[in-house]
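Same order as they appear, the protein sequences are chains A and B. Heads up: take any position in the first sequence, counting from 1, add 1, and you land on my numbering. Heads up: take any position in the second sequence, counting from 1, add 1, and you land on my numbering. All residues carry an ideal CB built from backbone N, CA and C; glycine is no exception.
Number of protein chains: 2
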Amino acid sequence: MNCLYWKMLSKSSKYAIKAVLFLALHSSKENKVMVKDIAEPINVPQAYIAKLLQALVRDNIISSVRGSKGGFYLTSENLENSIMRIVKNIDGEDKLTACMLSMEKCHEERPCPLHDILSASRNTILTSLKNKTIRDLTLSVKSGSTFLPL
Amino acid sequence: MNCLYWKMLSKSSKYAIKAVLFLALHSSKENKVMVKDIAEPINVPQAYIAKLLQALVRDNIISSVRGSKGGFYLTSENLENSIMRIVKNIDGEDKLTACMLSMEKCHEERPCPLHDILSASRNTILTSLKNKTIRDLTLSVKSGSTFLPL
DNA sequence: AAAAAAATATGATTTAAATCATATTCAGGA
DNA sequence: TCCTGAATATGATTTAAATCATATTTTTTT
Numbered sequence: 002m003n004c005l006y007w008k009m010l011s012k013s014s015k016y017a018i019k020a021v022l023f024l025a026l027h028s029s030k031e032n033k034v035m036v037k038d039i040a041e042p043i044n045v046p047q048a049y050i051a052k053l054l055q056a057l058v059r060d061n062i063i064s065s066v067r068g069s070k071g072g073f074y075l076t077s078e079n080l081e082n083s084i085m086r087i088v089k090n091i092d093g094e095d096k097l098t099a100c101m102l103s104m105e106k107c108h109e110e111r112p113c114p115l116h117d118i119l120s121a122s123r124n125t126i127l128t129s130l131k132n133k134t135i136r137d138l139t140l141s142v143k144s145g146s147t148f149l150p151l
Numbered sequence: 002m003n004c005l006y007w008k009m010l011s012k013s014s015k016y017a018i019k020a021v022l023f024l025a026l027h028s029s030k031e032n033k034v035m036v037k038d039i040a041e042p043i044n045v046p047q048a049y050i051a052k053l054l055q056a057l058v059r060d061n062i063i064s065s066v067r068g069s070k071g072g073f074y075l076t077s078e079n080l081e082n083s084i085m086r087i088v089k090n091i092d093g094e095d096k097l098t099a100c101m102l103s104m105e106k107c108h109e110e111r112p113c114p115l116h117d118i119l120s121a122s123r124n125t126i127l128t129s130l131k132n133k134t135i136r137d138l139t140l141s142v143k144s145g146s147t148f149l150p151l
């Protein structure tokens, strides 16, 4: 059985998360990685991921230096960022908070018909995205309990 | 706090669910409702919802007759359809089953780094969408425990 | 300094979802 | 049987996300 594909995350956010995890595993201040060497292994168009990475740099989620010998990398501070922080940077906060039926006034006291189906699960997931850091996910890959693809 | 806005459902699916719930509450074989009288209260463009309703008719999820005195309505059989059935008709099945990071080979034995964050919640939600019928949700509105907007 | 190599900024193009428009078909009433 | 009012089928247009292209800036090396 597959993971659930939630458009909850845009393609851009997914790309960004993959790129950051890649950097977490393969870069350091002493060992920067160029866009082209990120784009290929995570299987994302180079010009596209470049744009996303630039946005993450602006927001201090990842680090970079330009010029020759330049590239992207993560500091140990960067590693402490939550997955949520990446998503908010790319998709914006609004995208994550609204009603399943897009009803303006849906809330606990006046739930839409689908509210109960989703509310608990939603909170579980949002909390995880907020709490899990890049470092956490990186460790889970290093320990062999989760996997990144070719 | 708001419901979670899951793009898990496309706008089209949301529109369709709203329309079907509207029909469940306001139509019967003896009391058909025309598109224009559905479009306005649920706040969806008429030509757009018309197209969606036509797809639902083709799939026997809702009922209709054309010509004067015609319109859309639900039979008691229609009421037993699951919410999932609507979603599958509009968005297709594939959209609901794939990895959060869009990784081809993500599964329980080889989970992606976000798998654990999502897997349980995903199953909970999918099961609910499969089990909840139109009738169930309609009853929850009638009983006053959930609400539909103006 | 000058040149080269990298990120950065900006904007153009493509693609898919959402929206709009219209001609056709079918049911009911005169 | 003909007219009217509705759904139906089909396709055009718009919009936003995804993708591509290129000129500019910054850093390192020579």
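Three-state secondary structure (DSSP) of residue i
{"i": "Val-45/A", "result": "coil"}
{"i": "Thr-134/B", "result": "strand"}
{"i": "Ala-99/B", "result": "Annotation note: pLDDT 49 at Ala-99/B (below 50); position unreliable, no value reported."}
{"i": "Asn-124/A", "result": "helix"}
Per-residue contacts from residue i into chain B (C-beta, under 7 Å)
{"i": "Val-142/A", "result": "Pro-114"}
{"i": "Lys-133/A", "result": "Ile-118"}
{"i": "Thr-147/A", "result": "Pro-112, Cys-113, Pro-114 and His-116"}
Host alpha helix (DSSP H) of residue i (start-end)
{"i": "Phe-23/B", "result": "12–27"}
Listed by chain order, chain A residues near residue i by CB distance under 7 Å
{"i": "Ser-129/B", "result": "Ile-118"}
{"i": "Ser-122/B", "result": "Ser-122, Thr-125 and Ile-126"}
Contacts around residue i, its chain only, beta-carbon distance under 8 Å, and the 5 residues preceding and following it disregarded
{"i": "Arg-111/A", "result": "none"}
{"i": "Leu-75/A", "result": "Val-21, Leu-24, Ala-25, Ser-28, Ser-29, Ile-63, Ser-64 and Ile-135"}
{"i": "Leu-138/B", "result": "Leu-22, Ala-25, Ile-84 and Thr-147"}
{"i": "Ser-226/B", "result": "Residue coverage of chain B in this structure runs from 2 to 151, which leaves residue 226/B outside it and unanswerable."}
{"i": "Val-66/A", "result": "Lys-33 and Gly-72"}
{"i": "Thr-125/B", "result": "none"}
Distance cut-off 6 Å: residue i Cβ against heavy atoms of the ligand ATP
{"i": "Leu-140/A", "result": "The ligand content of the structure shown is nil, which means the ligand ATP is not present either."}
Amino acids of chain A, ordered along the chain, whose beta-carbon sits closer than 8 Å to that of residue i
{"i": "Arg-86/B", "result": "Chain A residues near Arg-86/B: none, gap ~15 Å exceeds 8 Å."}
{"i": "Arg-136/B", "result": "Here the premise fails: no neighbours, minimum Cβ distance about 12 Å."}
Cβ shell of residue i (< 6 Å), same chain only, five flanking positions each side left out
{"i": "Ala-99/B", "result": "With a pLDDT of 49 at Ala-99/B, under the threshold of 50, the predicted position of this residue should be treated as unreliable, and no value is reported."}
{"i": "Ile-91/B", "result": "Ser-13, Ser-14 and Ala-17"}
{"i": "Gly-72/A", "result": "Lys-33, Val-34 and Met-35"}
{"i": "Val-45/B", "result": "Tyr-16"}
{"i": "Lys-131/B", "result": "Ser-83 and Met-85"}
{"i": "Ser-129/B", "result": "none"}
{"i": "Glu-109/B", "result": "none"}
{"i": "Arg-123/B", "result": "none"}
Contact list for residue i against chain B, beta-carbon separation under 9 Å
{"i": "Leu-80/A", "result": "What Leu-80/A touches in chain B: nothing, since even the nearest Cβ is about 14 Å away."}
Cβ neighbours of residue i in the same chain (closer than 7 Å, five flanking residues each side left out)
{"i": "Leu-54/A", "result": "Ala-20, Val-36, Ile-63 and Phe-73"}
{"i": "Gln-47/B", "result": "Val-36, Lys-37 and Ala-40"}
{"i": "Glu-81/B", "result": "Thr-134 and Arg-136"}
{"i": "Ile-50/A", "result": "Tyr-16, Ala-20, Val-36, Ile-39 and Ala-40"}
{"i": "Leu-149/B", "result": "Leu-22 and Val-142"}
Listed by chain order, chain A residues near residue i by CB distance under 9 Å
{"i": "Leu-24/B", "result": "Correct list: empty, because the minimum Cβ distance to chain A is about 14 Å."}
Quick one: which unbroken alpha helix (DSSP H) runs of 4-plus residues sit fully inside the region 38–89 of chain A? Chain order, please. 47–59
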